[in-house]
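Same order as they appear, the protein sequences are chains Y and X. Residues 1139 to 1338 (this note's numbering) make up the first sequence, in order. Residues 2 to 246 (this note's numbering) make up the second sequence, in order. Step one of this worksheet: look at the structure below.
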Amino acid sequence: MEAMDTLPDVKPLAILEALLFVAEEPVPLERIEAVLEERSKAEIAGLITEFQERCRQEDRGLLLIEVAGGYRLVTKPELALSVQKFRGAKPSKLSKAALETLAIIAYRQPITKPEIEAIRGVTIDGVLKTLVERELIRILGRKPEVGRPILYGTSRDFLEYFGFNDLSELPTLKEIETLAPNAMKGEASDESVNEAGTPG
Amino acid sequence: MAYRVRLEMFEGPLDLLLYLIQVNEIDIYDIPIAKITEEYLGCLATMQELDLEVAGEFLVLAATLIQIKSRMLIPAGEPDGEEVPEEDPRRELVERLLEYRRFKEAALGFDELESRQQLHYARRGDPSLPVAEGPLQVTLSELLCAFAAIMRRTPQAAALEITPETITVSERMVMLIDRLTRGSPLPFTALFEGAGTRSLLISTFLALLELLRRGLVRARQSEPDGEITVYLAMEASHGGDGHPT
Chain Y
1139 MEAMDTLPDV KPLAILEALL FVAEEPVPLE RIEAVLEERS KAEIAGLITE FQERCRQEDR
1199 GLLLIEVAGG YRLVTKPELA LSVQKFRGAK PSKLSKAALE TLAIIAYRQP ITKPEIEAIR
1259 GVTIDGVLKT LVERELIRIL GRKPEVGRPI LYGTSRDFLE YFGFNDLSEL PTLKEIETLA
1319 PNAMKGEASD ESVNEAGTPG
Chain X
2 MAYRVRLEMF EGPLDLLLYL IQVNEIDIYD IPIAKITEEY LGCLATMQEL DLEVAGEFLV
62 LAATLIQIKS RMLIPAGEPD GEEVPEEDPR RELVERLLEY RRFKEAALGF DELESRQQLH
122 YARRGDPSLP VAEGPLQVTL SELLCAFAAI MRRTPQAAAL EITPETITVS ERMVMLIDRL
182 TRGSPLPFTA LFEGAGTRSL LISTFLALLE LLRRGLVRAR QSEPDGEITV YLAMEASHGG
242 DGHPT
């Protein structure tokens, strides 16, 4: 079956589509280049653009996005409900505690558990375990200090989960940091807070 | 207080404090400590009235607030009225609050990105495809889960039974290697067949962990939550090492 790729009538665009279809994770450009070895980089870039163009047609259900350092075929957002119906389950969302912890790790990595706890003001053993299990964070090593605490950082799955191509795409904390001193005024009703409270 | 708060709505003491600052329209750079301490303690008291345990971390911040409040009461400067600029006792707390708020807002951003990204579905591992791409390496927690499932199926030996036999982990390591040499890969559960007592199960599991640690065997999963397969390491090496890490 090896001879298949070398048949003259196999279109490179078709090969690209096949690769993207079987891939279970984002495909780095180099891996596409390794398969289409007789094509130049510029040609391959052109193929990817052409593929993306074709996806844009309304009667197509997929998109080719760049995420976590590779290319990934995903369904179009407007089809989410149909896919959900098909899969029978809504994707589960991370808890607020998990998101806060993840945000701290993302911006301050490598970081230890006590350092995260100091920022959040709570203990985070459970959350950290969940994040490691979901492979959104990973252990980067140990900090050379007393007790050699574990250093955590974000994983490639983290990038894919939030749709980042690499860590440089994280929105800058600075934007938030430079908020004017009174910027929080007038936002007295926090949406996460229910003023009604519990009866009795 | 015109509102009731429930502590479990908050991600911690700093979150509660930020809420109180917001809801009272307080300038975070000039917090009226007496007022905010009162409100904060009021929230904790409400919790206690409801007979709910207030987490220790909420009490730690309460102590910090009270300490700041008392420091603010000490008149600054010399007794003869000359005002000496001194560090604001609130400074450290304000810095912590600002730092926490920064990440709280970043988390809101992540929440949005998560929702947006969840509208895109990507292909998942397809168990019907051959695993030539290189199956996932198994994490310790997955191994533990699989082992816990086996332990649950094996009832605790009756208390009266006395089993004088001693099982050593190294014996079980030899047994595992033997089994895998006869046929590798084996499903994780197959390794525990014939191990009828919990102590036997545990020593077998410890032996497996030791073998994994030494790199003599490998454990893999072809799909998330799928069955775990255990290989002899030399067998596994031709399985899929083109796997990017």
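All residues carry an ideal CB built from backbone N, CA and C; glycine is no exception.
Identified DSSP bridge partners for residue i
i	result
X:P188	X:T230
Y:G1291	Y:R1276
Y:V1165	Y:Y1209
X:I67	DSSP lists no partner for X:I67.
X:A123	Y:V1212
X:T205	According to DSSP, X:T205 bridges with nothing at all.
Y:I1249	Y:Y1290
CB contact check: residue i to chain Y, cutoff 8 Å
i	result
X:A133	Confidence at X:A133 is low in this model, with a pLDDT of 36, below 50, so the placement of that residue should be treated as unreliable; the coordinate-derived value is given next. Not an interface residue.
X:E100	yes
X:A107	yes
X:E12	yes
X:R124	yes
X:E58	yes
X:S171	no
X:D89	no
X:G110	yes
X:I229	no
X:A35	no
X:R214	no
X:L210	no
X:F250	Outside the shown range of chain X (2 to 246) lies residue 250 of chain X, about which nothing can therefore be said.
X:E115	yes
Contact test: residue i Cβ vs the ligand ZN heavy atom, cutoff 7 Å
i	result
X:I178	This structure lacks the ligand ZN; in fact it carries no ligand of any kind.
Sequence-distant residues of its chain with Cβ nearer than 7 Å to residue i (five each side left out)
i	result
Y:L1269	A1236, T1239, L1240, I1275
X:L94	T65, I69
Y:A1227	none
X:F206	F148
X:Y30	V95
Y:T1261	E1255
X:V170	S204, L207, A208, E211
X:T38	L66, I67, K70
Y:K1281	T1250, P1287, L1289
Y:S1293	E1273, L1274, I1275, R1276
Delimiting residues of the alpha helix (DSSP H) encompassing residue i
i	result
X:G195	No alpha helix (DSSP H) contains X:G195, which DSSP labels as neither H nor E.
X:R183	170 to 183
X:Q23	14 to 24
Y:D1263	1263 to 1271
Y:D1147	Element bounds for Y:D1147: n/a, residue is neither H nor E.
X:F148	141 to 154
X:F111	92 to 118
Y:G1184	1179 to 1193
X:T47	34 to 50
The beta strand (DSSP E) enclosing residue i, as first and last residue numbers
i	result
Y:I1277	1275 to 1280
Y:I1203	1200 to 1205
X:R219	218 to 222
Any chain X beta carbon closer than 8 Å to residue i
i	result
Y:I1257	yes
Y:R1210	yes
Y:T1316	Caution is warranted here: a pLDDT of 49 is assigned to Y:T1316, below 50, making its placement in the model unreliable, and the coordinate value is therefore given only provisionally. So, not an interface residue.
Y:T1250	no
Y:A1206	no
Y:G1285	no
Y:V1260	yes
Y:L1240	yes
Y:A1218	yes
Y:K1234	yes
Y:F1189	no
Y:T1292	no
Y:L1154	no
Y:V1221	yes
Y:G1264	no
Y:P1150	no
Y:P1282	no
Y:E1253	no
Y:E1162	yes
Contacts around residue i, its chain only, beta-carbon distance under 8 Å, and the 5 residues preceding and following it disregarded
i	result
X:E58	G13, P14
X:G197	T155
6 Å CB neighbourhood of residue i in its chain, flanking five on each side removed
i	result
X:I22	I29
Y:A1206	P1164, R1294, L1297, E1298
X:K36	none
Y:P1248	L1278, L1289, G1291
X:P90	I69, R72, M73
Listed by chain order, chain A residues near residue i by CB distance under 8 Å
i	result
Y:P1229	No chain A is part of this structure, whose protein chains are labelled Y and X.
Legend entry - Whole alpha helix (DSSP H) elements within the stretch 1207 to 1242 of chain Y, 4-residue minimum: Within the stretch 1207 to 1242 of chain Y, the alpha helix (DSSP H) runs of at least 4 residues that lie entirely inside it are, in chain order, 1218 to 1225.
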